[in-house]
Amino acid sequence: MEAEVQDSLFLFVNIYAPNKVQDRCRFFENLNKNIEHFAVNKEHRIIVGGDFNVTLDSDLDFQIQDFCLDFDLVDIWRIRNPECKRFTWRQKNPFIQRRLDYWLINDSSQDDIEKSDIIPSINSDHSAIFLHLNSLDKPEYGPSFWKFNASLIDDDDFVTLINESVPMWLKEFEEVTDKRLL
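Here our numbering is used: the first residue of the sequence shown is 22, the next is one more, and so on.
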C-alpha cells in the first residue's frame, strides 16, 4: 500500500511467504519486482512486515539478504534487540521455535521507529510483531511548567501507588546531587 503520511511517502508491504523453498524463491522474486515498480523514481520509506517463513540467516538465505540490500532494508527488531533471544513461531511436538516474522525498514528510517516488539498472541502458533512509528512532525516545545492533575488525589489506587513508590525512588536516586531532578 502506498500512502502519504505527514508529507512523507510510504510503501507499506504486508507479506505471507510460502513454506516451500521453491515457492518462496519465486515469491521474493515477484516481491522484489513489485516493490521496484512502486518505488521507481520515488523517495518512499519502505516498511515490510509479516511472516517470511524463514529465518534471516545470511549464510542460508541469500535471497532475502539480497532483497534487503536492494532496498536498503534492515531488521529493526534485531537492531534494537541485538542480544535478545525471542521467537515468533513455535511448534509443540517436537518443540521448535524460530523467529520467522519481521519488520524490515529502510536503514535511513530507523529514527522514525519508536518501538518494535514481539508480543504473545492467542490461538496462533505465531506471536504478534508490532511497530510503533514516531510522529513525523516533531512538535516544538517552548518553556513550560508541569501541572498536577488534582483529580488524582481522589483516586485511592493512585495515592497508594505514590505513597509506596516515593520512598523507593528517593532511595534509588539518593546519589543525585541536584534535587530538582527528583
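Glycine residues also receive a C-beta, built at the ideal position from the N, C-alpha and C atoms.
The structure displayed is predicted, hence computed values, not measured ones.
Might you give, ordered along the chain, the residues of its own chain that have their beta carbon closer than 7 angstroms to the beta carbon of residue i, omitting 5 neighbours on each side?
i, result
"H147", "D72, T109, W110 and D122"
"N35", "G70 and G71"
"I140", "S148, A149 and F151"
"D96", "L77, Y123 and L125"
"Y37", "G71 and D72"
Hey, quick one: how far does the alpha helix (DSSP H) through residue i stretch, first residue to last?
i, result
"E57", "V42 to A60"
"R101", "I97 to R101"
"E193", "D177 to E193"
"L90", "F83 to F92"
If I measure Cβ to Cβ from residue i and keep anything under 6 angstroms in the same chain, skipping five residues before and after, which residues do I get?
i, result
"D93", "N127 and D128"
"L173", "F179"
"S142", "S148 and A149"
Measure the CB-CB distance between residue i and residue j and report whether it falls below 8 angstroms.
i, j, result
"A60", "I68", "no"
"F48", "F88", "no"
"N51", "D91", "no"
"C46", "Q84", "yes"
"R107", "R120", "yes"
"W98", "S130", "no"
"L32", "I56", "yes"
Quick check on this structure: which residue in the options has the alpha carbon closest to the alpha carbon of residue i?
i, options, result
"W124", "I143, S29 and N102", "N102"
"E23", "S130, E64 and C105", "E64"
"I117", "K192, T76 and D176", "T76"
"D132", "D44, K106, L154 and D176", "L154"
"N144", "Q112, F166 and S130", "Q112"
"P39", "W98, F31 and N74", "N74"
"I134", "E57, I100 and F169", "I100"
Taking the beta strand (DSSP E) that residue i falls in, what are its first and last residues?
i, result
"L152", "A149 to L154"
"D72", "R66 to D72"
"N127", "D122 to N127"
"E25", "E23 to V26"
"D132", "No beta strand (DSSP E) holds D132; DSSP gives it neither H nor E."
"N35", "S29 to Y37"
"R111", "W110 to Q112"
"I117", "I117 to R119"
Does the beta carbon of residue i sit closer than 8 angstroms to a beta carbon anywhere in chain C?
i, result
"Q84", "Included in the structure is just one protein chain, with no chain C present."
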